[in-house]
Amino acid sequence: MKPDLKVSVVVPCFNNERLITDTLESILQQTYSNWECVVVDDGSQDGTEGKAQSYVDRDDRFRLFKRPAELPKGANSCRNFGVLKSSGEYLIFLDADDLLSKNCIEQRVNSIADEDLIIHSTAHFTKDIDEATPFFPNLNIHLSAIEYRNMFLEYMIPWHTSSGIWKKEFFTKINGFNERLLRFQDVDIHVRALSVPAIKFKLDNTAPVTSYYRKSEFHQQVTKEKRRFILNQGLAFATELKSVLPAKDYLRVQGLFIYLFFRFEEVFGLEDVKMLKNLMQANLEDSKSGKLANEFSFLVWVYGTWMTNSSRFRKYLSFMVFKKYAYSTRKKLNH
């Protein structure tokens with residue numbers, strides 16, 4: 001154990017009154033003692049702030065801040081502000097409804113040599129933590145940083161935001177979380193981090209599970225309005241990626257587009273199809289070695305010429321294409 005190494009756990013929160021106590025309690029019960037928890041409230045209108053304050057009163061390792069009014073609203077802004085207020089050498093990001101295992105920080109600190117980012121095992125659950133399922137338990141741990149980055153670009157997410165322990169200096173160097181994004185921030189920050197040529201990175205799955213991701217009600221009850229919001233965020237993220245990735249790498253974003261075609265079929269319009277087609281076609285022309293995936297080309301044709309309106313059959317067709325693409329790509333995660 002490295003007792004002198006201080007770890008800051010950054011927790012953004014907004015109207016999490018019902019679950020934040022469990023989250024903060026999981027931090028308080030850590031077997032490793034040299035930590036601080038920086039909670040940043042995003043303007044909660046329930047009892048979240050009071051619940052967090054009770055932990056500040058109970059243990060001075062907890063600190064509570066309100067997001068300054070001049071900063072944009074959102075979890076990313078709160079995370080970055082929390083890092084600014086933190087004093088640890090390393091960072092763990094935890095949502096206000098997720099949990100750490102009792103020995104999480106101890107396990108993660110013990111794995112540190114001089115890495116910029118280390119990824120540990122995470123499980124996800126809906127209600128009962130005893131039924132938690134690990135993210136990709138057979139994930140290949142011998143790939144390069146770029147190969148893992150490519151998985152994120154293909155929208156085969158190999159781990160969760162809470163899975164990592166970040167060197168604060170490195171996190172600051174890559175400019176933290178993108179505050180313009182309200183969704184897809186986990187993909188964005190890992191793409192940028194794993195693209196750094198000299199990154200000191202490793203994946204350590206020697207410990208069982210060190211954090212638990214709770215599937216929120218947002219994911220379980222998604223209205224058409226929410227679907228449109230997430231689709232817009234996906235398109236915004238894809239547009240931002242286009243400005244920073246070489247053409248041959250941007251072609252991998254087809255995986256994200258195939259996911260969007262399937263997941264948000266009922267709100268996917270002709271203008272969305274045209275936008276994706278233009279984004280990908282421009283990069284195809286710029287890349288000598290790139291080519292469009294058959295799955296993507298097929299969906300563009302279906303949505304753009306044959307079935308321009310949402311239907312049960314189009315949804316089924318999108319699902320089958322996504323399933324085929326996901327199967328072939330998922331194999332890369334486990335081999």
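Counting in full-length UniProt numbering, the sequence shown runs from 1 upward without gaps. Every residue gets a Cβ at the ideal spot worked out from N, C-alpha and C, and that includes glycine.
Check, Outcome
"First through last residue of the alpha helix (DSSP H) which encompasses aspartate 81", "Note on residue identity: the sequence assigns phenylalanine, not aspartate, to residue 81. Element bounds for phenylalanine 81: 75-85."
"Span of the beta strand (DSSP E), counted from its first residue to its last, around tryptophan 166", "164-167"
"Residues that alanine 123 bridges to, as DSSP identifies them", "Pro134 and Tyr212"
"Alanine 145 and valine 209 closer than 8 Å at C-beta", "no"
"C-alpha distance - aspartate 249 paired with threonine 239, whole-angstrom precision", "14 Å"
"The region 96-115 / the region 17-30 touching (three or more Cβ pairs under 8 Å)", "yes"
"Opening and closing residue of the alpha helix (DSSP H) in which phenylalanine 152 lies", "145-153"
"The region 122-140 contacting the region 63-78, beta-carbon criterion three pairs below 8 Å", "no"
"Rounded C-alpha distance that separates proline 158 from lysine 66", "32 Å"
"DSSP bridge partner residues for isoleucine 230 (one or two, in chain order)", "According to DSSP, isoleucine 230 bridges with nothing at all."
"Local Cβ density within 10 Å of phenylalanine 313, reported as buried at 16 or more and exposed below that", "exposed"
"Three-state secondary structure (DSSP) of phenylalanine 14", "coil"
"Beta-carbon spacing of arginine 149, leucine 181 below 8 Å", "no"
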